[in-house]
Amino acid sequence: MFALSPEIAKRMGQQFESNSVKKNYLAVVRGYAPESGVIDHALKEELDKMTDRKARLDKPAQDALTEFTRLATVEIPVAIDRYPQSRYSLVEAQPKTGRKHQIRRHMKHIAHPIIGDAKHGKGNHNRYFATHFGADRLLLACIEMEVIHPVSGQPLFLRASLDKRFSDLIKHFGWADRVAEYLHNEEQQNR
Numbered sequence: 011m012f013a014l015s016p017e018i019a020k021r022m023g024q025q026f027e028s029n030s031v032k033k034n035y036l037a038v039v040r041g042y043a044p045e046s047g048v049i050d051h052a053l054k055e056e057l058d059k060m061t062d063r064k065a066r067l068d069k070p071a072q073d074a075l076t077e078f079t080r081l082a083t084v085e086i087p088v089a090i091d092r093y094p095q096s097r098y099s100l101v102e103a104q105p106k107t108g109r110k111h112q113i114r115r116h117m118k119h120i121a122h123p124i125i126g127d128a129k130h131g132k133g134n135h136n137r138y139f140a141t142h143f144g145a146d147r148l149l150l151a152c153i154e155m156e157v158i159h160p161v162s163g164q165p166l167f168l169r170a171s172l173d174k175r176f177s178d179l180i181k182h183f184g185w186a187d188r189v190a191e192y193l194h195n196e197e198q199q200n201r
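Numbers 11 to 201, taken from this note's numbering, label the letters of the sequence shown in order.
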């Protein structure tokens, strides 16, 4: 999100800092993730070489909370790791706090890294998806966000479509109907 004035940017930033922005993500993860769960795992800040040069290095880990639901699974008859088949899940994730790379780090923490995650994922699975499915990017997308309009004070519900590569993969795995059902249910809840 971005704003066209410093005042509006400040108001929006306050919403993000207070964790009052609701966000829903879709991700493709390795393995059969649990049906649902809450990941309550504090995260130490990951510093970026360029933008965080002056950040404190001794900062303690911060509380981080992510709720997730498994929407669908698939098993493909290919040995990518040590097993004769490879399993994947489509999950919906809702970060309740806003830590850097929170969903990526939390999914890795529960041994279900996101496909395409070069830093927190599994390279052999990432390469397979890039080569065989044309999915050469992180398979994590914010599809819904709810904020309070900084001027009117009214709830503002934003929805973004998946890009072509992500949606093609969803179709290939037979998950399109499940995603459509999920989006329809979310839309009904937000009315």
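All C-beta atoms, glycine included, are put in the ideal place defined by N, C-alpha and C.
In the structure shown, Pro44 adopts coil according to DSSP, grouped into three states. Within the stretch 128 to 176, the complete beta strand (DSSP E) runs of at least 3 residues fall at 150 to 158 and 165 to 169. When DSSP states are grouped into helix, strand and coil, Glu55 belongs to the coil group. For Lys20 and Gly163, the gap between their C-alpha atoms comes out near 15 Å.
With a threshold of 16 other beta carbon atoms within 10 Å, Pro70 falls short and is exposed.
Val39 and Pro123 do touch by the CB rule: their CB atoms are close to 6 Å apart, below 8 Å.
Annotation: Arg114 to Pro16 spans about 30 Å, alpha carbon to alpha carbon.
Lys33 sits buried, since 16 or more C-beta atoms from the chains shown fall within 10 Å of its C-beta. When DSSP reads this structure, Ala121 sits in no beta bridge, so it has no partner. Shown here, Leu179 sits in a helix according to DSSP, grouped into three states.
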